[in-house]
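**Q** Residue numbers (my numbering): 447 to 722.
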């Protein structure tokens, strides 16, 4: 029994570290490329997909990826083809995905908040499997390689998308790439944090790191490390106080962000300039 508990905790620790790495890494691009509303819609698209999987007794990961892909298509290529602003599409996609998610959960064969339904809503340490860890590890490697090879283009887009286009960079494929990566990262993070809270990881970690660093290479390097530390700390707090792991992770990351605001060198320099 003790060995089983240790195995679960070990998988949870590894899953937390990998999830924190991914959300910290992708979160930098979400914040700097001003994809916050898109990330929010993608998180609830993945949530709706996971809820559909529970309702029809299918693999929630597969249906979550399906919904994420559809949402990414709507927000990216379809929106551009229809000449609609991304804000318009995300404003429609967010409430639609939330409505579908709760309809699917209401139609689920389970009675009340079963373990599977609860894991979709709030996350579950027990539900993390070895295959989930493998998927997370593969995605960590894939995302890192893509960012490394396309760093010049992504950095220019983060700095100024119009300037990137003026330099001859076709920015749309790179923005679409980030949208799809956001969807996959969120999909694989739902088991740990839950569909209602997963977006906080994309925003909190990157925003915390941005309070202390200005060099984008350092930010991209340290944000995943900070994300892993926050997720593991949230897991430890969850085990210590017997609280939902997703809620604890989000709480820890939010506290870290609040502290970073208080200690931020950028804020202090700004206050000095304003006072002078």
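Quick reminder that beta carbons are idealized off the backbone N, C-alpha and C, glycines included.
1) If you draw a straight line from the alpha carbon of residue 526 to that of residue 662, how long is it in whole angstroms?
2) Using CA coordinates, which residue listed in 468, 584, 453, 461 is at the minimum distance from residue 650?
3) Under the rule that 16 or more other beta-carbon atoms within 10 Å means buried, what is residue 553, buried or exposed?
4) Residue ranges of each alpha helix (DSSP H) run of no fewer than 4 residues wholly in the segment 494 to 546, ordered along the chain?
5) Could you tell me the alpha carbon to alpha carbon distance between residue 612 and residue 704, rounded to whole angstroms?
6) Going by other Cβ atoms of all chains shown within 10 Å of its Cβ, with 16 needed for buried, is residue 504 buried or exposed?
7) Under three-state DSSP, which class holds residue 624?
8) Excluding the 5 residues preceding and the 5 following residue 581 in the sequence, name in chain order all residues of the same chain whose CB lies nearer than 6 Å to its CB.
9) Just how far apart, CA to CA, sit residue 682 and residue 456?
10) Look at residue 574 and residue 638 and say whether their C-beta atoms are less than 8 Å apart.
11) What do you get for residue 570, buried or exposed, if any count of 16 or more other CB atoms within 10 angstroms of its CB means buried?
12) Which residue's Cα is closest to the Cα of residue 694: 643, 540, 474, 653?
13) I'd like the span of the alpha helix (DSSP H) that includes residue 616, first residue to last.
14) For my contact list, residue 515 and residue 641 are in at a C-beta cut-off of 8 Å; report their separation, rounded to the angstrom.
15) My output table needs one value for residue 661: the three-state DSSP class, helix, strand or coil.
16) Specify the secondary structure class of residue 464 as computed by DSSP and reduced to three states.
17) Residue 630 and residue 484: beta carbons closer than 8 Å?
18) So, with DSSP's three-state summary, where would you put residue 558?
19) Report the residue ranges of all beta strand (DSSP E) runs contained in full by the segment 631 to 706; include only those spanning at least 3 residues, in chain order.
20) With 16 as the cutoff for other CB atoms within 10 Å, does residue 699 come out buried or exposed?
21) In terms of residues, what are the limits of the alpha helix (DSSP H) holding residue 401?
22) I'd like the list of long-range same chain contacts for residue 604, defined as Cβ closer than 6 Å, with 5 residues on each side in sequence excluded.
23) Ignore the nearest five residues each way along the sequence and tell me which others in residue 624's own chain have a CB closer than 7 Å to its CB.
24) Could you give the distance in angstroms between the alpha-carbon of residue 687 and the alpha-carbon of residue 495?
25) Residue 479 by DSSP, collapsed to three states: which one?
26) Within its chain, find whatever has a CB closer than 8 Å to the CB of residue 543; leave out the 5 residues flanking it on each side and keep chain order.
27) Should residue 609 be labelled buried (16 or more other beta-carbon atoms within 10 Å of its own) or exposed?
28) Apply the 10 Å Cβ neighbour rule to residue 461 and answer buried if 16 or more other Cβ atoms are within range, or exposed otherwise.
29) Quick one: Cα of residue 620 to Cα of residue 679, how far?
30) Which of the three DSSP states is assigned to residue 574 in this structure?
**A** Taking the geometry as given:
1) For this step, residue 526 is matched to residue 80 along the chain shown. For this step, residue 662 is matched to residue 216 along the chain shown. For residue 526 and residue 662, the distance between alpha carbons rounds to 28 Å.
2) Locating residue 650 in the chain shown gives position 204, counting from the first residue. It is 468.
3) Translated into the one-based positions of the chain shown, residue 553 becomes position 107. Result: exposed.
4) 506 to 519
5) To locate residue 612, count along the chain shown from 1; it is residue 166. To locate residue 704, count along the chain shown from 1; it is residue 258. If you take the alpha carbons of residue 612 and residue 704, they lie about 37 Å apart.
6) On the chain shown, position 58 is the one that residue 504 refers to. Exposed: under 16 other Cβ atoms inside 10 Å.
7) Numbered from 1 along the chain shown, position 178 holds the residue referred to as residue 624. The answer is helix: DSSP assigns residue 624 an H, G or I state.
8) Numbered from its first residue, the chain shown carries residue 581 at position 135. Only 634 meet the Cβ criterion.
9) Along the chain shown, read from residue 1 onward, the residue named residue 682 stands at position 236. Along the chain shown, read from residue 1 onward, the residue named residue 456 stands at position 10. Straight-line Cα distance between these residues: approximately 12 Å.
10) As a working mapping, residue 574 is identified with position 128 in the chain shown. As a working mapping, residue 638 is identified with position 192 in the chain shown. Contact flag set, yes.
11) Locating residue 570 in the chain shown gives position 124, counting from the first residue. By the neighbour-count rule (16 or more Cβ atoms within 10 Å), residue 570 is buried.
12) Your numbering for residue 694 matches position 248 in the chain shown. With distances taken between Cα atoms, residue 694 lies closest to 643.
13) Sequence index remark: in the chain shown, residue 616 carries index 170 (1-based). That residue, residue 616, is in no alpha helix (DSSP H); it is neither H nor E in DSSP.
14) Position 69 of the chain shown, counted from the start, is the residue given in the question as residue 515. Position 195 of the chain shown, counted from the start, is the residue given in the question as residue 641. In fact, because the Cβ distance is near 16 Å, the residues do not count as touching under 8 Å.
15) In the chain shown, counting from the first residue as 1, residue 661 sits at position 215. Coil.
16) Sequence index remark: in the chain shown, residue 464 carries index 18 (1-based). Looking at residue 464 - three-state DSSP - the assignment turns out to be helix.
17) Numbered from 1 along the chain shown, position 184 holds the residue referred to as residue 630. Numbered from 1 along the chain shown, position 38 holds the residue referred to as residue 484. Not a contact, by the Cβ cut-off of 8 Å.
18) Mapped onto the chain shown, residue 558 falls at position 112. For residue 558, the predicted model reports a pLDDT of 49, less than 50, meaning its position is unreliable; a value from the coordinates is still stated below. Of the three classes helix, strand and coil, the one that applies to residue 558 here is coil, per DSSP.
19) none
20) Stepping through the chain shown from its first residue, residue 699 is reached at position 253. Residue 699 comes out buried.
21) Within the shown structure, residues of the chain are numbered from 447 to 722, placing residue 401 beyond reach of any answer.
22) Residue mapping note: residue 604 aligns to position 158 of the chain shown, counting from 1. Taken in chain order, the residues that qualify are 478, 479.
23) In the chain shown, residue 624 corresponds to position 178, counting from 1. Cβ neighbours of residue 624 beyond the five flanking positions: 475, 479, 481.
24) Here residue 687 refers to the residue found at position 241 when the chain shown is read from its first residue. Here residue 495 refers to the residue found at position 49 when the chain shown is read from its first residue. Cα-Cα distance, rounded: 31 Å.
25) Position 33 of the chain shown, counted from the start, is the residue given in the question as residue 479. Residue 479: coil per DSSP, three-state reduction.
26) Residue 543 sits at position 97 when you count from the first residue of the chain shown. Same-chain partners within the cutoff: 487, 490, 491, 493, 494, 513, 517.
27) Here the question's residue 609 lines up with position 163 in the chain shown. Label assigned to residue 609: exposed.
28) Translated into positions along the chain shown, residue 461 becomes position 15. With 16 or more Cβ atoms within 10 Å of its Cβ, residue 461 is classed as buried.
29) Position 174 of the chain shown, counted from the start, is the residue given in the question as residue 620. Position 233 of the chain shown, counted from the start, is the residue given in the question as residue 679. Approximately 33 Å, taken between the alpha carbons.
30) Counting from one through the chain shown, the residue named residue 574 turns up at place 128. Three-state result, residue 574: coil.
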